[in-house]
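Asker:
Protein chains in written order, with our numbering: chain A, 1 to 576; chain B, 1001 to 1576.
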């Protein structure tokens, strides 16, 4: 394509709201434009990136035996009521009414619609297994959309759903999709990890996230430095301490701690380290009040607590409820003597004599021992894993911490949707059986953003070759006729050879063209300039790395094609 | 693809609501399924057809210099208020509110969003012309969605928008898109006509519809049998009668016509032919009452009347208004003596002595002469063209009537959107100028339906090769090992050669497979059967035509490839 005919308006400044690199550069380099909060238009460069990603996704899913379909964006409320998500989903689900008053959801995901399709047309074990996918705009009415394509409200997602005769076959497909996802992200040229994850609002029994590693990622993940275990910290298991329950050392002793409610303040007042304290937090879990205990230097991991309780709604208790339950002001709660369920982290059980609130204003207790003082407490893993924690799955490993951007998620759903929606088949014995399911998502537009978070510098984007909007940019640096002629000839030769080339033929100074080229981030740049013409050479430079090679004009096309081939085959790759 | 792994559930019966062939067969052959009224899911076969159409559209638009973008589906109300369409569009525009109460439109078309994009980033004549397109789901909340993909509420549309420095360049692009559209529909293998059309809700100064010819089409079109003129009857011009205004013959004479209000009843009562009568209809046009007159054997063409009046809203006056204006019951109106604007068709002006209502209950008048009795009447073309009418553009031609399905529409918009939304550029002299625009739509999913309306028989669909879900179907007719072996080998050989093949390897009787094959409508069928195996042949048959050829097994692949090549190159074609 000729740059003079391309709509790629570059900007010197991004809007103030753009804080992360991908947002800044996607706007500045003319890939996207904002239409409303969290709602973006893709310009031609952005469209090219998205279509390259989609092509890789289609090829790998087709290779994995999945079939492409396209469901509507507008789904009848009745289906969401059947699954129970009409009530459960919350305000992120955009609900609409048509001219006749019928209610619909703008699809944020399509489990209900696909189950409805399959239950009508698939009746026999002979029609299973089945894996259907679509690539489609989705809408999630995020309270705080941000970071451009990273967390928008309208975005492009690939969602796939599989249907099986039994759990074993669903597990086989889970692995099949896991492998396809690994190939997809490798082929996109991304460095990523597959990590164990919480199943969240989608539900189900098992899931893995595919995380593109980037310092700016919003997800924290840990990975063992010895074995293969890796997980989102929301979910990452922790090795149980060797001493599981400490024996008591001394009796409870009340101490006066006037006006110091926070753990840090009490620790300072008493001159004791934080890890001697027990943090007592009250939550409301599906309407019931419960207590969670972690060591004073730790935080409660709410995802783990929710999973341990088996509830869908969890929130911190109000100050009023804390006072009602503990008969003390907020900041002085202790689990001893409370008659509600108590969940304690193993580190709390391992404390022989802890310090905690006395359930009495301005007082704490020393000598707290979980086994003795809260015998009914359940000991469960409640804290968030961190760098350096011993691995839960192997003997010698320790966790290393990473930041990641979730670009894919595979779920083993079981019968969460197929049971309430009666998606059944007749098995070989003629028995009606509910289909176990899996579901599998990829954030297509988010991949573009994640690729930039992982691949950029101070001048702009550094696209991985397989998803770059163009593979090669030729800069015609100068207005001399031989510059135009040579750059035009090279453009035609490479294009005819199937290379995806952008020719910067604009009437602009070379400096402007180089700045735009760095900003847009095409992997290979060829500069055709006046001086080079005199020497019979062009300059070839990789966007990543940056060594400039002088190449004879006659050899230029071959050299560029070799660089393109190299870039298409070398990518990042899974470490999972 | 192997049929045993394809989700293509065929049905013996379509739902009762399916009345037209495309609706019936798309459902019965397993291409689509209904999710809600006017909202359909595409199954794998449907998806394949749509993707083949999309590919042709992308290739031809790219060839024509258009750039692909993707706008959101959700557009802020503010933009639609700027253009005035938030008020004007009516209930077909689905309006939604997000969680914060902000108003949005589900995009039925994207003039506002694209103008907003262009006015922000395009400032100079150097950046023009520009033609941007997208392929995207659209939503129009039709009151009565019907006929499956023919008139759905959610559907896939290609919409393109062009921006120019002046009208002349916009006219050049109009022709460029007209030519691209002709190539697209030809390449889809459709028989179509480009016809002059009304601009409707989109507005603008000029437009052509691309109509796929089919007896079931909802549009009536006429085309001259001598010259190139063709038009939608809504718009088709009529040749002025030679005698433009007849001289009066006799004075008005009242006749008693007790209880006979309708034209047909009065004609019967008086024993006069319909073409001696003048039909008097009252309309409310943008709030004002007007009278339209056509000959008794004709109907008022409301599109022409609207255009003649230059109004946006037009509806028949209520009975009450008719009585208020004429002082007579409905059925007895005459234009003589009325003090409101009168528009008369030339055929009415040519009547020397007509019969019309007397503005008095149970009475008509004879001897009505427009020039004498309604001297202030404006004579304008008001009636709908019909088969046999003389052509308005040439001397000797007459109209032939066709039915068509509108699959594409090109509009010269002028500044209808760019002026109110201030989409301007600086011209070479530095003067701020509004950009003239064009817009160009193609109904992607409707093409699939129109192709079926034009190409089907009693057994099922007869796909044109270029948009068939598969080019070739191999039917393994029998359970013998050599049938499976030969059909599998042919499948692999053709697939490796780039032919799109469906292999019916299901565990079904040959009769079931043939019935499904006819229903699904793949253009070339190869039957591998037990009897043929003994003779060393397979049977090759075209879905259209139906002559069966016996082909030696060794020659089968070459013969099939020749038929595919033939089908890909021969299509229908424009007659415009």
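Ideal Cβ positions, reconstructed from N, Cα and C, are used throughout, including at glycine.
Cβ of residue 1145(B) less than 8 Å from any chain A Cβ?
Answerer: Along the second chain, one-based indexing puts residue 1145(B) at 145. No, residue 1145(B) does not count as interfacial toward chain A.
Asker: Hey, is residue 113(A)'s beta-carbon within less than 8 Å of any beta-carbon in chain B?
Answerer: Within the first chain, the letter at position 113 stands for residue 113(A). Yes - at least one Cβ of chain B is within 8 Å of the one on residue 113(A).
Asker: Listing by chain order, which chain A residues have their CB less than 7 Å from the CB of residue 1039(B)?
Answerer: Locating residue 1039(B) in the second chain gives position 39, where the first residue counts as 1. In chain order: 72, 74.
Asker: Is residue 1576(B) close to chain A, meaning its C-beta is less than 8 Å from at least one C-beta of that chain?
Answerer: Locating residue 1576(B) in the second chain gives position 576, where the first residue counts as 1. Low per-residue confidence applies at residue 1576(B): pLDDT is 36, beneath 50, and the placement is therefore not dependable, though the value from the model is reported in the following sentence. Taking Cβ atoms only, chain A never reaches closer than 8 Å to residue 1576(B), which makes this a no.
Asker: Give a yes or no on whether the minimum CB-CB distance between residue 15(A) and chain B is below 8 Å.
Answerer: Sequence index remark: in the first chain, residue 15(A) carries index 15 (1-based). Put simply, the CB of residue 15(A) is far from chain B, with every gap to its CB atoms at 8 Å or more.
Asker: Answer with buried or exposed for residue 256(A), where buried requires no fewer than 16 other C-beta atoms within 10 angstroms of its C-beta.
Answerer: Looking up residue 256(A) in the first chain gives position 256. So residue 256(A) counts as exposed.
Asker: Within 10 angstroms of the Cβ of residue 292(A), are there 16 or more other Cβ atoms? Answer buried if so, exposed if not.
Answerer: On the first chain, position 292 is the one that residue 292(A) refers to. Its Cβ being crowded by 16 or more others within 10 Å, residue 292(A) is buried.
Asker: Can you list, in chain order, the residues of its chain with a C-beta nearer than 6 Å to that of residue 1195(B)? Leave out the 5 residues immediately preceding and following it.
Answerer: Residue numbering aside, residue 1195(B) sits at position 195 when the second chain is read from its first letter. Closer than 6 Å at the Cβ level, and outside the excluded window around residue 1195(B), lie 1209, 1211, 1221, 1230, 1231, 1232.
Asker: With a threshold of 16 other CB atoms inside 10 Å of the CB of residue 575(A), please say whether the residue is buried or exposed.
Answerer: Counted from its first residue, the first chain places residue 575(A) at position 575. For residue 575(A), the predicted model reports a pLDDT of 39, less than 50, meaning its position is unreliable; a value from the coordinates is still stated below. Residue 575(A) should be labelled exposed.
Asker: Under 7 Å Cβ-Cβ, which residues of chain E neighbour residue 1154(B)?
Answerer: No chain E is part of this structure, whose protein chains are labelled A and B.
Asker: For the alpha helix (DSSP H) holding residue 1479(B), just list the boundary residues, first then last.
Answerer: Counting from one through the second chain, the residue named residue 1479(B) turns up at place 479. Where residue 1479(B) is concerned, there is no enclosing alpha helix (DSSP H), given that its DSSP letter is neither H nor E.
Asker: For the structure I just gave you, are there three or more beta carbon pairs, one from the segment 423-441 of chain A and one from the segment 121-130 of chain A, closer than 8 Å?
Answerer: yes
Asker: Need the endpoints of the beta strand (DSSP E) that residue 1133(B) sits in, please.
Answerer: Along the second chain, one-based indexing puts residue 1133(B) at 133. Unbroken beta strand (DSSP E) run through residue 1133(B): 1130-1139.
Asker: Three-state secondary structure (DSSP) at residue 313(A)?
Answerer: Numbered from its first residue, the first chain carries residue 313(A) at position 313. It is coil, neither helix nor strand.
Asker: Measuring alpha carbon to alpha carbon, tell me which residue in 1391(B), 1464(B), 1227(B) is nearest residue 1185(B).
Answerer: Counted from its first residue, the second chain places residue 1185(B) at position 185. Taking only the C-alpha atoms, the option nearest residue 1185(B) is 1464(B).
Asker: Can you tell me where the beta strand (DSSP E) with residue 1437(B) in it begins and where it stops?
Answerer: Your numbering for residue 1437(B) matches position 437 in the second chain. Taken as a continuous stretch (DSSP letters only), the beta strand (DSSP E) holding residue 1437(B) covers 1437-1443.
Asker: Could you tell me the boundaries of the beta strand (DSSP E) in which residue 344(A) lies?
Answerer: The sequence position of residue 344(A) within the first chain is 344, counting from 1. Taken as a continuous stretch (DSSP letters only), the beta strand (DSSP E) holding residue 344(A) covers 342-344.
Asker: Any chance you could list the beta strand (DSSP E) runs of at least 3 consecutive residues sitting entirely within the segment 13-39 of chain A, in chain order?
Answerer: 32-36
Asker: Taking 8 Å as the cut-off, decide whether the C-beta atoms of residue 519(A) and residue 29(A) are in contact.
Answerer: Working through the first chain from its first residue, we reach residue 519(A) at position 519. Working through the first chain from its first residue, we reach residue 29(A) at position 29. When the beta-carbon positions are compared, residue 519(A) and residue 29(A) come within less than 8 Å of each other.
Asker: For residue 1409(B) and residue 1436(B), what's the separation of their Cα atoms in angstroms?
Answerer: The sequence position of residue 1409(B) within the second chain is 409, counting from 1. The sequence position of residue 1436(B) within the second chain is 436, counting from 1. One C-alpha to the other measures close to 18 Å.
Asker: Helix, strand or coil for residue 1352(B)? Go by DSSP, reduced to three states.
Answerer: Sequence index remark: in the second chain, residue 1352(B) carries index 352 (1-based). Coil, per DSSP.
Asker: Please tell me whether residue 288(A) has its Cβ less than 8 Å away from any Cβ of chain B.
Answerer: Your numbering for residue 288(A) matches position 288 in the first chain. No, its Cβ sits nowhere closer than 8 Å to a Cβ of chain B.
Asker: Would you please state the rounded distance, in angstroms, between the beta carbons of residue 187(A) and residue 466(A)? I believe it to be under 8 Å.
Answerer: If you number the first chain from 1, residue 187(A) lands on position 187. If you number the first chain from 1, residue 466(A) lands on position 466. Right, the Cβ-Cβ distance comes to about 6 Å (below 8 Å), so this counts as a contact.
Asker: Is the shortest distance between the beta-carbon of residue 1484(B) and the beta-carbons of chain A less than 8 Å?
Answerer: Numbered from 1 along the second chain, position 484 holds the residue referred to as residue 1484(B). So no, residue 1484(B) is outside the interface.
Asker: Quick one: complete beta strand (DSSP E) runs, 3+ long, within the segment 368-436 of chain A?
Answerer: 399-414, 424-426, 432-434
Asker: Assuming residue 141(A) and residue 1098(B) form a contact by the criterion Cβ under 8 Å, report the distance between their Cβ atoms to the nearest whole angstrom.
Answerer: Mapped onto the first chain, residue 141(A) falls at position 141. Mapped onto the second chain, residue 1098(B) falls at position 98. That belief holds up - the Cβ atoms of residue 141(A) and residue 1098(B) are roughly 5 Å apart, short of 8 Å.
Asker: Would you kindly check if the distance between the Cβ of residue 72(A) and the Cβ of residue 1035(B) is under 8 Å?
Answerer: Here residue 1035(B) refers to the residue found at position 35 when the second chain is read from its first residue. Here residue 72(A) refers to the residue found at position 72 when the first chain is read from its first residue. In contact: residue 1035(B) and residue 72(A) (Cβ atoms closer than 8 Å).
Asker: Counting Cβ pairs, one atom from each stretch, are 3 or more of them under 8 Å apart for the segment 357-364 of chain A and the segment 395-407 of chain A?
Answerer: no
Asker: In whole angstroms, what is the alpha-carbon distance linking residue 1241(B) and residue 1206(B)?
Answerer: For the purposes of this step, residue 1241(B) is identified with residue 241 of the second chain, where counting begins at 1. For the purposes of this step, residue 1206(B) is identified with residue 206 of the second chain, where counting begins at 1. Those two C-alpha atoms are separated by around 25 Å.
Asker: Does the distance from the C-beta atom of residue 31(A) to that of residue 20(A) stay below 8 Å?
Answerer: As a first step, residue 31(A) is located in the first chain; it is residue number 31 there, counting from the start. As a first step, residue 20(A) is located in the first chain; it is residue number 20 there, counting from the start. Result no, Cβ atoms of residue 31(A) and residue 20(A) do not sit closer than 8 Å.
Asker: What does residue 1065(B) reach in chain A if we use C-beta pairs closer than 8 Å?
Answerer: Translated into positions along the second chain, residue 1065(B) becomes position 65. Simply 5.
Asker: For residue 1404(B) and residue 1193(B), I'd like the C-alpha separation in whole angstroms.
Answerer: Working through the second chain from its first residue, we reach residue 1404(B) at position 404. Working through the second chain from its first residue, we reach residue 1193(B) at position 193. Whole-angstrom Cα-Cα distance: 8 Å.
Asker: Just the chain A side, please: which residues come within less than 8 Å of residue 966(B) by C-beta, in chain order?
Answerer: This structure gives no information on residue 966(B), because the portion of chain B shown stretches from 1001 to 1576.
Asker: Check the DSSP bridge columns for residue 1524(B) and list the partner residues they point to.
Answerer: Here residue 1524(B) refers to the residue found at position 524 when the second chain is read from its first residue. BP columns for residue 1524(B) point to 1472(B), 1542(B).
Asker: Name the DSSP bridge partner or partners of residue 1502(B)?
Answerer: Translated into positions along the second chain, residue 1502(B) becomes position 502. The partner list for residue 1502(B) (beta bridge, DSSP) reads 1473(B).
Asker: So, for residue 23(A): in the same chain, excluding its five sequence neighbours on each side, which residues have a beta-carbon less than 6 Å away from its beta-carbon?
Answerer: By one-based count along the first chain, residue 23(A) stands at place 23. 147, 148, listed in sequence order.
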